[in-house]
Each structure stands twice: as structure tokens, then as C-alpha cells.
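Colleague: Residue numbers (my numbering): 166 to 606. The beta carbon of each residue, even a glycine, is placed where N, CA and C say it ideally should be. Would you mind keeping the following structure in view while I ask a few things?
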Amino acid sequence: MSKVADPQKSDLMEKIVSLCKRRGFIFPSSEIYGGLGSAWDYGPLGAELKRNVKSAWWSTVVHQRDDMVGLDASILMHPKTWEASGHVNNFNDVLVDCRRCNSRFRIDHLKDGKCPSCGVKDFTDGRAFNLMFKTHYGAVEDGNVTYLRPETAQGIFVNFKNVLDTTHRKLPFGIAQIGKAFRNEVTAGNFTFRMREFEQMEVEYFTTKDQAADCHQRWIQERLQWYLNLGVRKENLQLRKHADDELAHYAAACTDIEYNFPFGWSELEGIANRTDYDLKQHAQFSGKDLQYQDLTTGEKFYPYVIEPSGGVDRATLAFLVDAYHEEVVKDQTRVVLKFSKQLAPVKVAVLPLLKKNDGIVTLAKRIKNDLQKEFVCVYDDTAAIGKLYRRQDEVGTFYCVTVDVQSLEDGQVTVRDRDTMAQERIAVDRLKGYLREKLAL
Numbered sequence: 166m167s168k169v170a171d172p173q174k175s176d177l178m179e180k181i182v183s184l185c186k187r188r189g190f191i192f193p194s195s196e197i198y199g200g201l202g203s204a205w206d207y208g209p210l211g212a213e214l215k216r217n218v219k220s221a222w223w224s225t226v227v228h229q230r231d232d233m234v235g236l237d238a239s240i241l242m243h244p245k246t247w248e249a250s251g252h253v254n255n256f257n258d259v260l261v262d263c264r265r266c267n268s269r270f271r272i273d274h275l276k277d278g279k280c281p282s283c284g285v286k287d288f289t290d291g292r293a294f295n296l297m298f299k300t301h302y303g304a305v306e307d308g309n310v311t312y313l314r315p316e317t318a319q320g321i322f323v324n325f326k327n328v329l330d331t332t333h334r335k336l337p338f339g340i341a342q343i344g345k346a347f348r349n350e351v352t353a354g355n356f357t358f359r360m361r362e363f364e365q366m367e368v369e370y371f372t373t374k375d376q377a378a379d380c381h382q383r384w385i386q387e388r389l390q391w392y393l394n395l396g397v398r399k400e401n402l403q404l405r406k407h408a409d410d411e412l413a414h415y416a417a418a419c420t421d422i423e424y425n426f427p428f429g430w431s432e433l434e435g436i437a438n439r440t441d442y443d444l445k446q447h448a449q450f451s452g453k454d455l456q457y458q459d460l461t462t463g464e465k466f467y468p469y470v471i472e473p474s475g476g477v478d479r480a481t482l483a484f485l486v487d488a489y490h491e492e493v494v495k496d497q498t499r500v501v502l503k504f505s506k507q508l509a510p511v512k513v514a515v516l517p518l519l520k521k522n523d524g525i526v527t528l529a530k531r532i533k534n535d536l537q538k539e540f541v542c543v544y545d546d547t548a549a550i551g552k553l554y555r556r557q558d559e560v561g562t563f564y565c566v567t568v569d570v571q572s573l574e575d576g577q578v579t580v581r582d583r584d585t586m587a588q589e590r591i592a593v594d595r596l597k598g599y600l601r602e603k604l605a606l
């Protein structure tokens with residue numbers, strides 16, 4: 166029987182970062198050139214984990230609902246899009262420079278008015294710094310200015326009529342999108358929590374003004390439940406309602422789902438009531454009629470919008486942190502990532518007990534080739550069996566299938582459970598059905 170050894174919050178993030186690099190979840194971007202600040206690359210296991218997070222979100226908010234459709238809008242959009250949305254004029258951080266050490270900071274991040282680097286209180290006047298990445302399109306740079314999108318939402322708003330005309334949806338309905346966004350953040354960090362290039366999972370849910378408040382509350386609860394269903398511990402999640410002075414000028418309400426990261430409670434996802442601001446703005450700037458018409462009454466109006474907006478990278482980080490466990494087994498520390506069935510990057514590992522035994526290797530590879538038609542499966546013969554088990558524990562693999570000498574005689578293999586470490590002998594011809602039942606959602 167194992168006992169839980171609570172890792173200290175102070176060094177938990179360091180352990181997570183180390184594990185991610187060592188096991189191939191997340192690497193520093195361009196590391197051979199010294200890296201690039203606040204940019205990260207997802208390795209073989211990280212790519213699988215992130216893909217599973219996105220698939221779980223898409224399944225829940227699109228495929229399992231009758232009132233949702235999907236979209237994949239372009240990253241590059243007409244520059245007027247960002248004028249209409251207010252990003253060109255209002256998407257700014259106010260920065261100051263320390264006259265003593267020349268360090269630059271967001272003015273709202275200064276504590277007690279002191280420079281975090283040198284401690285003096287001598288700063289330049291604040292000046293606005295736009296967070297959008299500016300670029301040029303076309304063969305020449307003269308005047309052809311556009312931006313890398315700072316959010317995916319506007320791609321949905323500008324396609325509202327296209328979706329409406331092609332799907333013939335009635336209110337309420339939503340449009341979902343997963344995609345890259347870019348913000349030239351001055352203050353980034355905390356691993357993948359805040360990056361300049363990141364991925365969003367957003368819904369713009371269109372409803373009537375009268376139904377908007379109730380709809381907002383339903384989305385808050387549904388989005389909270391999504392994290393719980395995927396294994397995040399309830400005590401690590403909380404809801405924080407924005408005060409009136411925090412709200413964007415167009416928003417009627419906003420509530421954040423926060424996670425207790427190693428660096429403290431921070432936003433995981435925001436659910437906002439954006440009112441009818443966005444469609445009105447784009448109608449004004451484009452000259453197009455973006456109103457919804459009720460075919461029963463003939464009434465035309467701008468729908469209200471409820472926006473659940475979460476980060477793929479933040480969610481992935483939260484799932485990593487929440488899955489991390491240290492257990493003391495026979496006076497040694499076992500590190501295990503207890504991912505849910507949906508999120509685990511690898512479901513099954515096939516391990517030959519003796520890699521120099523041709524019969525064992527042949528059978529193990531045949532089993533692996535058969536299982537990988539249905540499960541994400543790996544084959545590993547690069548260490549002793551105990552070390553291979555620990556390696557698979559560290560990456561969250563649900564089951565290890567060990568092929569040994571006895572397997573050649575009785576046609577059975579040993580299946581080891583990740584969480585209990587219990588082992589069971591299963592006939593090879595029953596193995597796929599056994600695992601299918603165990604890994605069923």
C-alpha cells in the first residue's frame with residue numbers, strides 16, 4: 166500500500182517543468198539557439214496531451230450539443246476588424262522604465278511604487294504599448310499593415326451571417342473555435358501560463374437580451390463541470406465574479422474559473438456576457454446588416470453574446486499540475502501523472518521482459534501492432550522492467566503489458582494498472598477486449 170507524499174507548492178512548478186523537459190511534454194522554443202522568451206514547443210507526449218485536451222473540449226461543446234457549430238477562421242484578418250473591435254486604439258498596456266536600471270514594467274505590476282529589479286522609485290512617465298503583433302501582407306510593405314489576431318473571437322463575429330445563412334440556425338445557438346492567438350505581452354512567464362503565442366478554445370453563444378443572464382449562469386456551471394469531469398480536483402477550482410470596475414466597457418458580467426496553480430490562484434477560463442456590442446461594431450464598420458431576424462415574428466435585432474473563453478495551454482498546464490502525484494513505495498518516491506482516460510497521452514505500453522529473447526520480442530511487437538489500431542500505444546525495451554514501469558508512471562500511461570518467458574508457454578501477459586500497481590495475467594486473445602472495457606469512457 167502506498168502513501169501520498171504531498172509535494173511542496175514552492176518547488177512543484179520546478180518539478181513539473183523538469184518532468185516536461187525530461188519526458189518530452191514541453192521544450193523551450195529554439196533551445197539550440199538559447200531559446201526565445203515565453204515561447205514553448207510541445208514534444209511528442211505534450212502534442213498528444215494538448216490534442217486530447219482540444220478533442221475533449223470539442224466533443225463536449227460541439228459534438229454533444231444540438232445548438233453548436235464549429236469554425237476555423239484565418240489568423241490574418243482585414244485590419245478594419247481590429248479597428249471595429251477596439252484593439253487598435255484600446256488594446257494597450259501602460260509601461261514605465263526605471264531610470265536607474267533601465268528595466269521596463271507594466272505600471273499596474275509595480276508594488277509600493279518600487280522597481281522590482283533595483284528597488285528605487287524613479288520611473289519615466291507611463292506610455293501605452295499596443296499588445297498586437299503588427300505585420301505586412303502582400304509583396305511589398307508599403308501601407309499593407311495587418312495584425313496577427315490577438316483573439317479568436319472576432320473571426321466568429323465577422324462570420325456570424327455566413328454561419329447563419331448556411332446553417333439556418335435559430336436562437337439560441339453558438340459558434341465554437343479553437344485556434345492560435347498572439348499577444349506581445351510585456352510580462353509573460355510562469356511556464357506556459359502566459360505566452361506570446363498561445364491557443365484559445367472559445368465559444369460565442371448568441372441569445373436574446375432577455376435570456377442572456379440565465380444563459381450566462383448556465384455556461385459558467387457547464388464549463389466548471391468540464392474540468393471536474395476530466396479529473397481536476399474540486400478544491401483546486403473556484404469561481405471569481407468580476408467587480409464592476411473590472412468589466413470591459415461592453416460587458417454586463419464576467420466570471421472567471423480559477424485554478425490553484427503552484428504560483429497561486431489564476432484565471433483558467435473566463436465566461437463573459439458581452440451584450441450586443443460586437444455585432445453592432447462590425448455592422449457599423451463594415452456597413453453590413455448583421456442583425457438576426459426571427460422568422461416567426463419578423464423582428465430584427467442584434468443578439469446578445471455569452472463568451473466562454475479558455476486557453477488550451479493554460480488548461481493543459483492545469484491538467485499536468487493536477488495529475489502530478491508523488492507516492493512513497495517501498496521507501497522510494499514514485500512519480501505518477503494520474504491523467505483521466507480522455508487526456509492520458511499514452512493508454513498502453515508494451516514491454517518485453519527480455520529484449521534479447523527473439524520469441525518474447527516478436528510476440529511483444531505483434532501485440533503492440535495489434536493494440537495500436539485502437540489505442541495510443543508504445544513499445545519500450547530500453548531498460549529493466551522496474552525502470553520501464555516508473556518511466557510509464559511518470560508520463561501517465563494507464564496500462565503496461567509485460568511479455569515474459571511464461572507468455573510463450575501459456576499465451577498470457579501481465580497487465581499492470583497505473584494507479585493501483587496491481588498486476589493481472591490476461592490471455593493475449595482477450596487483451597484487446599480487456600483494455601477496451603477498462604479504458605471505456
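With a Cβ-Cβ cutoff of 8 Å, do Asp421 and Arg439 count as a contact?
Modeller: no
Colleague: In the DSSP output, which residue or residues are listed as bridge partners for Asn425?
Modeller: Asn425 pairs with Trp430.
Colleague: Whole angstroms are fine: how far does the CA of Arg334 sit from the CA of Gly463?
Modeller: Whole-angstrom Cα-Cα distance: 15 Å.
Colleague: Between Met360 and Ser224, what straight-line distance do the alpha-carbon atoms span, to the nearest angstrom?
Modeller: 26 Å
Colleague: Could you check what DSSP says for Asp582 in three-state terms: helix, strand or coil?
Modeller: In the structure shown, Asp582 adopts extended strand secondary structure according to DSSP, grouped into three states.
Colleague: Using the Cα positions of Ala480 and Ser572, report the straight-line distance between them to the nearest angstrom.
Modeller: 41 Å
Colleague: Whose CA, out of Trp205, Lys345, Tyr198, Glu559, lies closest to the CA of Lys219?
Modeller: Among Trp205, Lys345, Tyr198, Glu559, the Cα nearest to that of Lys219 belongs to Lys345.
Colleague: Residue range of the beta strand (DSSP E) that Arg499 falls in?
Modeller: That run of the beta strand (DSSP E) goes 497 to 502.
Colleague: Specify, as a first and last residue, the run of the alpha helix (DSSP H) that Val518 falls within.
Modeller: It should be noted that the sequence gives Leu, not Val, for residue 518. Neither: Leu518 is in no alpha helix (DSSP H) and is coded neither H nor E.
Colleague: Starting from Arg590, follow the beta strand (DSSP E) in both directions and report where the run begins and ends.
Modeller: 588 to 592
Colleague: By DSSP, does His447 sit in helix, in strand, or in coil?
Modeller: Assigned with DSSP and collapsed to three states, His447 falls in helix.
Colleague: Looking at Lys597 and Gly535, is the spacing between their C-beta atoms short of 8 Å?
Modeller: Residue identity differs from the one stated: residue 535 is Asp in this sequence, not Gly. In this structure, Lys597 lies closer than 8 Å to Asp535 by Cβ.
Colleague: As a quick exercise: from Pro337, Leu502, Ile471, pick the residue whose alpha carbon is nearest that of Asp231.
Modeller: Pro337
Colleague: Whose CA, out of Val227, Trp222, Leu184, lies closest to the CA of Gly208?
Modeller: Leu184
Colleague: What residue from Ala408, Trp384, Phe426 has the CA that sits closest to Asn401's CA?
Modeller: Phe426
Colleague: Okay, do the region 538 to 555 and the region 515 to 524 touch, 3+ Cβ pairs below 8 Å being the bar?
Modeller: yes
Colleague: Shortest alpha-carbon distance to Ala318 belongs to which of Gly303, Met242, Asp330, Val285?
Modeller: Met242
Colleague: Any contact of the region 408 to 419 with the region 493 to 501, i.e. 3+ C-beta pairs under 8 Å?
Modeller: Because the criterion of three Cβ pairs below 8 Å is not met, the region 408 to 419 and the region 493 to 501 do not touch.
Colleague: Name the DSSP bridge partner or partners of Phe283?
Modeller: Note on residue identity: the sequence assigns Cys, not Phe, to residue 283. In the DSSP output, where bridge partners are listed per residue, Cys283 has none listed.
Colleague: Can you give me the C-alpha to C-alpha distance between Arg583 and Gln403, rounded to a whole angstrom?
Modeller: 29 Å
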